[in-house]
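For what it's worth, our numbering labels the leading residue of the sequence shown as 60, then goes sequentially. Please read the structure below before turning to the comments.
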Amino acid sequence: MADFFNLFAKAVVRANLDKVEQAAAFLWWAEQRDRKPSASIPEVCAYFAEARLPKPNSTRLDNDFRKSKLVSRANGTRFRLSHKGLEWGAELFGVFATDETVEAERTANSVVSDIDLTRCPYISDGDLADARKMAELHVALFSLENSVRRHIEKILTASLGDTWWDQAASAPMKRKEQERRANEAQNKWIPSRSTYGPLYSLDWPDLATLIRKYEDLFRASIGDINFLHRFIDLGNLRNVVAHNGVIDEPMQFRRVELAIHDWIKQVG
Numbered sequence: 060m061a062d063f064f065n066l067f068a069k070a071v072v073r074a075n076l077d078k079v080e081q082a083a084a085f086l087w088w089a090e091q092r093d094r095k096p097s098a099s100i101p102e103v104c105a106y107f108a109e110a111r112l113p114k115p116n117s118t119r120l121d122n123d124f125r126k127s128k129l130v131s132r133a134n135g136t137r138f139r140l141s142h143k144g145l146e147w148g149a150e151l152f153g154v155f156a157t158d159e160t161v162e163a164e165r166t167a168n169s170v171v172s173d174i175d176l177t178r179c180p181y182i183s184d185g186d187l188a189d190a191r192k193m194a195e196l197h198v199a200l201f202s203l204e205n206s207v208r209r210h211i212e213k214i215l216t217a218s219l220g221d222t223w224w225d226q227a228a229s230a231p232m233k234r235k236e237q238e239r240r241a242n243e244a245q246n247k248w249i250p251s252r253s254t255y256g257p258l259y260s261l262d263w264p265d266l267a268t269l270i271r272k273y274e275d276l277f278r279a280s281i282g283d284i285n286f287l288h289r290f291i292d293l294g295n296l297r298n299v300v301a302h303n304g305v306i307d308e309p310m311q312f313r314r315v316e317l318a319i320h321d322w323i324k325q326v327g
């Protein structure tokens with residue numbers, strides 16, 4: 060459980076949340092993982108300590124919790140997440156609701172630790188350092204891309220109903236999804252993307268196309284649709300990462316960080 064909490068704490072840091080949002084994230088952990096119906100300010104501060112993050116001022120946090128739409132008072136001096144807070148937490152940290160995440164992390168780590176990659180022909184120590192650096196960027200882009208997918212599905216389902224895919228997808232999108240689903244059915248050893256839904260068979264630019272097509276539906280949550288320009292621009296970086304390329308410029312990492320931060324602020 061400690062390893063799992065450490066992974067969660069890293070996700071909280073990567074999400075670029077303010078102090079109150081971090082505290083709300085730990086409330087989410089308390090409810091979803093520790094099965095506590097509520098938590099006191101000292102208990103929330105204890106999570107900060109366990110995550111090795113600076114603890115908030117208790118009095119200020121108590122006042123901020125009273126004002127936050129993510130948090131509601133349980134009783135006395137104890138707090139819990141509001142309905143909005145639960146939705147917010149599920150969207151940001153839903154993957155931590157089960158132990159599958161930590162098992163996947165252990166599996167990935169064991170692949171690296173069980174193989175002496177320094178013996179791999181033509182691969183230098185510098186190559187391995189680049190690989191580890193790009194792995195972090197992959198986690199960030201993976202989170203952003205799949206968060207966008209889930210938001211699109213949520214908005215279109217709410218507005219168009221269960222047949223949203225038939226109504227919203229263009230003919231090329233449907234053809235792409237059908238071809239990739241057929242390929243997965245033929246090659247059963249390949250992990251299936253389509254089991255998660257049709258959007259997982261689409262590419263980065265397709266997601267932006269769907270949002271633009273239904274701009275009126277997404278404006279309430281995304282606001283300025285010009286926000287998509289930054290998302291589209293990241294597509295080229297995403298392709299470099301997906302094809303095992305290397306990005307050296309720190310500014311490119313910063314672009315990804317800012318895009319995720321803005322996405323969380325816009326939608327979260």
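By construction, the Cβ of each residue, glycine as well, lies at the ideal position given by its N, Cα and C atoms.
Please report the straight-line C-alpha distance between residue 68 and residue 225, rounded to a whole angstrom. Along the sequence shown, read from residue 1 onward, the residue named residue 68 stands at position 9. Along the sequence shown, read from residue 1 onward, the residue named residue 225 stands at position 166. Going from the Cα of residue 68 to the Cα of residue 225 covers about 39 angstroms.
Which one or two residues does DSSP pair with residue 130 in a beta bridge? For the purposes of this step, residue 130 is taken as residue 71 along the sequence shown, with counting starting at 1. Paired residue(s): 140.
Taking 8 angstroms as the cut-off, does the segment 193-202 touch the segment 304-323 (at least 3 CB pairs, one atom from each stretch)? Taking 8 angstroms as the limit for Cβ pairs, the verdict is that the segment 193-202 does touch the segment 304-323.
Test item: CB-CB of residue 75 and residue 323 under 8 angstroms: Residue mapping note: residue 75 aligns to position 16 of the sequence shown, counting from 1. Residue mapping note: residue 323 aligns to position 264 of the sequence shown, counting from 1. Taking 8 angstroms as the cut-off, the beta carbon of residue 75 is found closer than this to the beta carbon of residue 323.
Based on Cα-Cα distance, which residue from 131, 113 and 112 lies nearest to residue 121? Numbered from 1 along the sequence shown, position 62 holds the residue referred to as residue 121. Answer by Cα proximity: 131.
On the CB-based measure, 16 or more other CB atoms within 10 Å of its CB, does residue 265 come out buried or exposed? For the purposes of this step, residue 265 is taken as residue 206 along the sequence shown, with counting starting at 1. The C-beta of residue 265 has 16 or more other C-beta atoms within 10 Å across all chains shown, which makes the residue buried.
How many Å lie between residue 302 and residue 86 at the Cα? Here residue 302 is taken as the residue at index 243 of the sequence shown, counted from 1. Here residue 86 is taken as the residue at index 27 of the sequence shown, counted from 1. Straight across, the Cα-Cα distance linking residue 302 with residue 86 is about 38 angstroms.
Reduced DSSP category for residue 161 - H, G, I as helix; E, B as strand; rest coil: Locating residue 161 in the sequence shown gives position 102, counting from the first residue. Since pLDDT at residue 161 reaches only 48, below the 50 mark, its modelled position is unreliable, and no value is offered.
When you compare only the Cα positions, how much space is there between residue 160 and residue 239? Along the sequence shown, one-based indexing puts residue 160 at 101. Along the sequence shown, one-based indexing puts residue 239 at 180. Because residue 160 carries a pLDDT of 49, less than 50, the predicted location of this residue cannot be relied on, and no value is offered for it.
By DSSP, does residue 98 sit in helix, in strand, or in coil? Walking along the sequence shown from the start, residue 98 turns up at place 39. Three-state result, residue 98: strand.
Answer yes or no: do residue 52 and residue 276 have a C-beta to C-beta separation smaller than 8 angstroms? Past the edges of the chain, shown from 60 to 327, lies residue 52, and the structure says nothing about it.
Quick one: residues in its chain with C-beta nearer than 8 angstroms to the C-beta of residue 100, no 5 flanking neighbours on either side, listed in chain order? In the sequence shown, the residue the question calls residue 100 occupies position 41. Cβ contact annotation for residue 100 (same chain, cutoff 8 angstroms, sequence separation greater than five): 117, 120, 121, 124, 136 and 138, in chain order.
CB contact flag (residue 325, residue 286, <8 angstroms): What you label residue 325 is simply residue 266 of the sequence shown in a count that begins at 1. What you label residue 286 is simply residue 227 of the sequence shown in a count that begins at 1. When the beta-carbon positions are compared, residue 325 and residue 286 come within less than 8 angstroms of each other.
Alpha-carbon to alpha-carbon, residue 189 and residue 308: Sequence index remark: in the sequence shown, residue 308 carries index 249 (1-based). Sequence index remark: in the sequence shown, residue 189 carries index 130 (1-based). So the alpha carbons of these two residues sit roughly 12 angstroms apart.
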